Each structure stands twice: as structure tokens, then as C-alpha cells.
Amino acid sequence: MAPKKKKGKKEPELLEPEHDPTWERSVQSGVWERPVTALPDANTWPTWGALRERLLASCKEIRIIESPSVRDAFASELFRLSPPQLRALSLRGSANLRSLVLSPLGSCPALESVDLGSCPSLEYVMVQSATLKTLDLSDCGALTKALIHCPALSNLMVAGCPYLEKAIIWSDALTELDLSGSTKLTHLELHCPALADKKAPDVPRRPAAARPAHAPVASMLRENAKDAAAAAADAREREWRAQRGDSCIPAVHRPMAG
Numbered sequence: 094m095a096p097k098k099k100k101g102k103k104e105p106e107l108l109e110p111e112h113d114p115t116w117e118r119s120v121q122s123g124v125w126e127r128p129v130t131a132l133p134d135a136n137t138w139p140t141w142g143a144l145r146e147r148l149l150a151s152c153k154e155i156r157i158i159e160s161p162s163v164r165d166a167f168a169s170e171l172f173r174l175s176p177p178q179l180r181a182l183s184l185r186g187s188a189n190l191r192s193l194v195l196s197p198l199g200s201c202p203a204l205e206s207v208d209l210g211s212c213p214s215l216e217y218v219m220v221q222s223a224t225l226k227t228l229d230l231s232d233c234g235a236l237t238k239a240l241i242h243c244p245a246l247s248n249l250m251v252a253g254c255p256y257l258e259k260a261i262i263w264s265d266a267l268t269e270l271d272l273s274g275s276t277k278l279t280h281l282e283l284h285c286p287a288l289a290d291k292k293a294p295d296v297p298r299r300p301a302a303a304r305p306a307h308a309p310v311a312s313m314l315r316e317n318a319k320d321a322a323a324a325a326a327d328a329r330e331r332e333w334r335a336q337r338g339d340s341c342i343p344a345v346h347r348p349m350a351g
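When you line the sequence shown up against this note's numbering, it's residues 94 to 351, in that order.
Set out below in C-alpha cells:
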């Protein structure tokens, strides 16, 4: 009589980790003020990707100050979701933020304030917004290009950007602009019919119509398409590596399917 085969131990069923109680509170309040690494992560549990989107999409204010967790990929993710009630975004002091692109014009339809001040690695900014009124780029020491197409923009802070080389600004509401500290500026286009007080280095610039027939950033977008694609790929690679290096969310190991 053949011996009975021993039954193998049953694999323990994986259980979803507990939710961080601040997630639901943030959904209810519409305010997120913690590092990016504290958000739900689909790499930890499959359904947490949808939970992350729900949380971000419900935000009215996002304030992540002086956090190394903010990288290009997070900004791209946020603007792709285009939270309909988001009014204020502050990523001030984000040491690992290198580029930020908010586009097209209708993205984040309630957004009024963006604070990117004191981001030491920020090199490239393109902001298109029909509703934005305040944009702070002050003390971004590495900033070289700023493309701003915001018809309602009335407050633009760019002091402390000594390496700014190229700027295109289109706003029907902007009345004051101080670029006097941007001594390396070589390309300046201003499409700001209400501008009354301007301080800027004396650089050759093209005559600008009060209301150009097309967004003045279009030519710059074409010029920078390859650079932007390369920067995005580089940002994704940095984000992938960083998630494995500094994530504070414990990893969940799942057996591979047979």
C-alpha cells in the first residue's frame, strides 16, 4: 500500500494593510499637508491606486513644504488628475523638483495660487491656466526657462532667479513685473497689455501684439518638445529609484502566480 502524501501547508491569505486614518480625513477636509510618500501607493496594495486618485482629486488645498518626496512625477500625476476643486498648491522648498508643467489651459479649473518658491533644483516651468492669479517662483536659483500663459495672473514673483535665461509671459491682468535680478536673461517676450511697472535687464525682444492670435508659448513648446520628453523620462527613472530608496510605506511581498 502506497504511503499517503503529506499535505503541504496552506499559504496564509494576504490581508490588506490598515488604512492611514489621515487619508479619509483629508478627503473630508479637502486639505493634504503630508509628504508624497504618505499617500496611498498601489505598489503596497492593488486597490490603493484608486484610493490615491480619490484623495488627490478631492483636494482643495495641497501644501507639501520642504519635502524631498516631491519630484517631477508627482506634479505630473497631480495635473493629469486635474482636481476640479483645487484652489491652492504649495510645493515650496522641494529640493528634488526639477521641472513642472501645468497644461493645457483648462487644467485644474479652480486653481488660483501656485507657490514654487525656494525650490533649489527647479530649472524649467511651464504654466498654462485660465484661472491662476498668483504664481511664486522666487528664489529658484537654478531656474533657466519660464513659460507662463495665464490670462488672469495678477501677481508674479520671480525675484532671486539669477540664472533665468528665457521667459515668455502672457497675462491680461499683470501690472507689475520685476526681473531686475535675472541678469542672464537673453530672451524675453511680454504679452501683458496692462503692464505698467516693469524692471528687467535690457535684452532684445520681439514686438508683442496686445492679444496674439495664438498662445505665445506654442513656439517654445515645439522648441522644447524633445527636451521635455527627455526630462520626463529622466524624472520617471528618478522616481522609480527613489520609491525604493526612501519610501516610508512598508512593502508587501506577494507570491508570483504559478
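Glycine residues also receive a C-beta, built at the ideal position from the N, C-alpha and C atoms. Just so you know, these numbers come straight off a predicted model, no measurement behind them.
With distances taken from CA atoms, which of Glu170, Leu144, Asp265 and Val129 is nearest serine 196?
Each of Glu170, Leu144, Asp265 and Val129 was checked against the Cα of serine 196, and the nearest Cα belongs to Glu170.
Skipping 5 residues on each side, what residues in its chain have a beta carbon closer than 6 Å to that of alanine 143?
If we look at alanine 143 and ignore the five residues flanking it on each side, it has no Cβ neighbours.
Quick one: grab the DSSP three-state call for glutamate 170.
DSSP places glutamate 170 in helix when its eight states are reduced to three.
To the nearest angstrom, report how far apart lysine 291 and leucine 257 are at their CA atoms.
Each residue's Cα considered, the two are about 16 Å apart.
Per-residue DSSP class, three states only, for alanine 62:
No answer is possible for residue 62: the residues shown for the chain start at 94 and end at 351.
Is it buried or exposed, asparagine 136, if we count other Cβ atoms within 10 angstroms and call 16 or more buried?
Exposed: under 16 other Cβ atoms inside 10 Å.
Alpha carbon to alpha carbon, how far is arginine 164 from arginine 156? Give it in angstroms, no decimals.
About 14 Å.
Does the Cβ of aspartate 232 have 16 or more other Cβ atoms within 10 Å, making it buried, or fewer, making it exposed?
Buried: at least 16 other Cβ atoms inside 10 Å.
Whole angstroms is fine: what's the gap from histidine 346's alpha carbon to tryptophan 141's?
With a pLDDT of 43 at histidine 346, under the threshold of 50, the modelled position of that residue is not reliable, and no figure is offered here.
According to DSSP, which residues form a beta bridge with isoleucine 157?
Partner(s): none; isoleucine 157 has no beta bridge.
Can you give the beta carbon distance from leucine 209 to leucine 225, rounded, assuming they're within the 8 Å contact cut?
Contact flag wrong, Cβ pair sits at about 12 Å.
Could you have a look at aspartate 295 and say whether DSSP puts it in helix, strand or coil?
In this structure, DSSP gives aspartate 295 a state outside helix and strand, which the three-state scheme calls coil.
Can you grab the Cα-Cα spacing for the pair glycine 234 / serine 122, in whole Å?
Approximately 34 Å between the Cα atoms of the pair.
Short check: CB of proline 294 to CB of threonine 268, under 8 Å?
For the pair proline 294 and threonine 268, the CB atoms are not nearer than the 8 Å cut-off.
The beta strand (DSSP E) enclosing tryptophan 138, as first and last residue numbers
Boundaries for tryptophan 138: no beta strand (DSSP E) harbours it, and the DSSP string shows neither H nor E there.
As a quick exercise: from Glu117, Met250 and Ile261, pick the residue whose alpha carbon is nearest that of serine 206.
Ranked by Cα distance from serine 206, the first of Glu117, Met250 and Ile261 is Met250.
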